[in-house]
Structure formats: structure tokens, C-alpha cells
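Take the sequence shown: its letter number 333 is residue 356 in the numbering used here, and every next letter is one higher. C-beta atoms are modelled at their ideal positions from N, C-alpha and C, and glycine is treated no differently.
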Amino acid sequence: MYSLMFHKFQIAEYFDGASGGAETSISIPKRDFFRVNIYENTKWHVRLLAYAARKKIESALTSARRAQPKPPFQGEVDRYLRYKGSGLMAQEDPLEEEAIEYLCSHGDDVMARHQTPPHLSEAIFEKDWRSLTTQQKCGRLVAERLSDTEVPVDTVANFGSQMDVISPFLAERFPNTEFVSVDFPEKLEENNTAVLPERENWTFESGYPLTLLQEGKISPDILFCTSTSVLFRTREFEAYLEALSETTNILIFNESWFPETFSSDFLSVTRPEDINPGEPYLGGEFSNYHHNYKHLLGKHGYEISLSRILSQPDKNYHTLQLVAYNTQLEKETDQHD
Ligand SMILES: C[S@@+](CC[C@H](N)C(=O)[O-])C[C@H]1O[C@@H](n2cnc3c(N)ncnc32)[C@H](O)[C@@H]1O
24 MYSLMFHKFQ IAEYFDGASG GAETSISIPK RDFFRVNIYE NTKWHVRLLA
74 YAARKKIESA LTSARRAQPK PPFQGEVDRY LRYKGSGLMA QEDPLEEEAI
124 EYLCSHGDDV MARHQTPPHL SEAIFEKDWR SLTTQQKCGR LVAERLSDTE
174 VPVDTVANFG SQMDVISPFL AERFPNTEFV SVDFPEKLEE NNTAVLPERE
224 NWTFESGYPL TLLQEGKISP DILFCTSTSV LFRTREFEAY LEALSETTNI
274 LIFNESWFPE TFSSDFLSVT RPEDINPGEP YLGGEFSNYH HNYKHLLGKH
324 GYEISLSRIL SQPDKNYHTL QLVAYNTQLE KETDQHD
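Below you can see the structure in the form of C-alpha cells.
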């Protein structure tokens, strides 16, 4: 048993800087592994026990007093269980009108609370990856791809941009490329430009990114997402990929990567390619979807060139970074040459 544990720890601490795309590399120091996979996972189990005990006491009291049932418990565990129990997790289609309307108005409120977003600076290229915030990691990853890609890039889109600290930074660094922030909130531009520097090559599109893409209102050469593709349901993600495969050469994901909620496996970090494609697991308090990116992207003509899991200091998740190239579009370009 001890040797099995020891072996698994070696995997968790394993360092494989240059991932060739075949398998996701994992580079997480022991302290970050302990915090996310053991401490946080244990916390979830304790919450589950407390939740079960509370439910039992509540139902005993209710039947004893013949009282009216109380409103359902609205904690994280309850939300998670309802989500998972709905059976819709892997099946849901793109968002319907009601959800879109909610995200449009709700997003404005959320952004109004983020008045002082952290800015990105040149320092992100000097620090080690671990020490960067999620958004800084994303900014650096996109900047590095923009610097070394041989594919022509006119437009770069950030889906689920919210308060987009990344695009103005990139827009200044790459003045000949257009950057577009895309998200639901109606006041997306107003809220962003109230606190972030304006750039001539930085614009905004408010609405459901999937619809804007399907209607041809946006057709980026590079798409990046941070803390956003983990909110896509499987069929919705597939709809995104189907539309993107017609226009977009490079996809870049920089996503929070949690252990599976209530997982009994405390000792390993799950690679995306090891997840059952039809059953993304849920993790984290917001029930993020953990997809098999390799399977979904491959199905739509994208080949992964980088896939790695890095640690995220002071957070209860790791960060998955993934870059994929559109093999279909490349072929078409080759044929025209
Ligand atoms: C957690 S926030 C991340 C915001 C920003 N990328 C950042 O890192 O600060 C997720 C964003 O995704 C957007 N979003 C939620 N569901 C989405 C969906 N199905 N398709 C596209 N965007 C979505 C939300 O409006 C929100 O702005």
C-alpha cells in the first residue's frame, strides 16, 4: 500500500516540461498537490458528511413536528448533487433563451463588482509559470503562441472575456492583430473601458459567443478561453467546435482543473485524455466540467500541440493549458498554395 502511495506521489510531482501533445504533462510541486488533491478533497468529504447529517436531522425534526418542509438547503453540496443528479450534465444542448438572458444581465452585475482588475505586464515573461495568476498564465501562453506561429493571424478572440485584462495587454504587444472580447453582458465594452486602457485594435462583441460564431459575426484565427470552456456542456462544446473548425486555426484553453468532487482517489491528478468523453466529471464549487479535450478536439479536426497541468498558488485548483491546431484548415491552405 505504502509503495503504491509513494508511486502515485511520484506521478503527482512528476515534471515533464515539453509535452508533445500525446499525453498531458503534469508539473505540480508537492505542496500544491497536497493543498488541492488532499486538503480540498478532504474538505469536500467533510462537507458531504455534514450535509448528510443536517438532512437527517432536518427530516427527523420535520416529521416529529409535522411542520411545513423548509426550503431546500442551498449549500455547495446541495447544488453539486442537484447538478449531478439532473442527468443532464453530458447531454445538454447549447444554452436556451432564458439562460442567455440571465447571463446577459447577471454578467453586468458581476463585472460591476470587479472594478480593479490586475493588469498584465512584461514581468509575466520573467517569472516562473507557477507564480502567475490564472489570467497571467493565459496572457503569456497566448503571447508566446502569437510570437511563434507561422499561420497568419488577423483576429484573436477571447470567449467568456468578462473583465478582459488579457486583450489590452496583447493588443499593445501585437499592434497589427485585432483582438475581440466576447461575452454575454450588454455593457461589456462600457464596463471594460471604464477600468482598462483602450486600444485601437481591441473591440467588443456582446452576446452568446456560440450564436455570434454561427452567424458569422466573429471568425477569429485564434480563439482563447480562460475559466470558460469548463462551463460548456458537452453538446454545447461540440457545437462551438463545429463552428470554430470552419474558421479558426488555433484554439488555446487555460482552465481551472479540479479533482473530481468527492473523489475517493486522493493520490492522482486526472489527465483530460483519461476522462470518459461522454461523461465529463464535475469539480469545484461551481461544478466545472472536466472534459476529454483530446477526444472532443480531435473529433472536430484539431490536433493538440501542447497539453499540460500546472499548479495555481493559493487556489483550490490546478490549471490546464492546452493548444490545438486545426488540421483541416491547414490542408485547405496547402491545397491553395
Ligand atoms: C468564470 S468567468 C471567467 C471570466 C474571464 N475569462 C476571467 O478569467 O476573468 C466565465 C465567463 O464565461 C461566460 N460564460 C458562461 N457560460 C458560457 C457559455 N456557455 N459560453 C460562453 N461563455 C460563457 C460568463 O459570462 C463569464 O464571463
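- In this structure, DSSP gives residue 81 a helical state, which the three-state scheme calls helix.
- C-alpha of residue 281 to C-alpha of residue 305: approximately 8 angstroms in a straight line.
- Looking at 291, 283, 246 and 258, the one whose alpha-carbon comes closest to that of residue 269 is 246.
- A Cβ-Cβ separation of about 17 angstroms leaves residue 347 out of contact with residue 312 under the 8 angstroms criterion.
- Minimum Cα-Cα distance from residue 250 among the listed residues 79, 62, 73 and 340 corresponds to 340.
- The alpha-carbon separation between residue 56 and residue 240 amounts to approximately 42 angstroms.
- Relative to ligand 1, the nearest heavy atom lies less than 7 angstroms away from the CB of residue 184.
- With respect to the 8 angstroms criterion, residue 181 and residue 154 are not classified as neighbours on the basis of their beta carbons.
- Apart from sequence neighbours up to five positions away, the residues of its chain that approach residue 207 with a beta-carbon distance below 6 angstroms are 126, 127 and 130, ordered along the chain.
- C-alpha of residue 49 to C-alpha of residue 344: approximately 10 angstroms in a straight line.
- When the beta-carbon positions are compared, residue 179 and residue 200 come within less than 8 angstroms of each other.
- Residue 209 and residue 202 have their C-alpha atoms some 18 angstroms from each other.
- In this structure, residue 315 lies near residue 296, with their beta-carbon atoms less than 8 angstroms apart.
- Annotation: residue 296 is outside any alpha helix (DSSP H) and is labelled neither H nor E by DSSP.
- As computed with DSSP, residue 225 is found in a beta bridge with 202.
- In the same chain as residue 226, and ignoring 5 residues on each side of it, the C-beta atoms closer than 6 angstroms to its own belong to 203, in chain order.
- Taking 8 angstroms as the cut-off, the beta carbon of residue 65 is found no closer than this to the beta carbon of residue 332.
- The Cβ atoms of residue 134 and residue 60 lie no closer than 8 angstroms to each other.
- Sorting 330, 52 and 184 by C-alpha distance to the C-alpha of residue 318 places 330 at the top.
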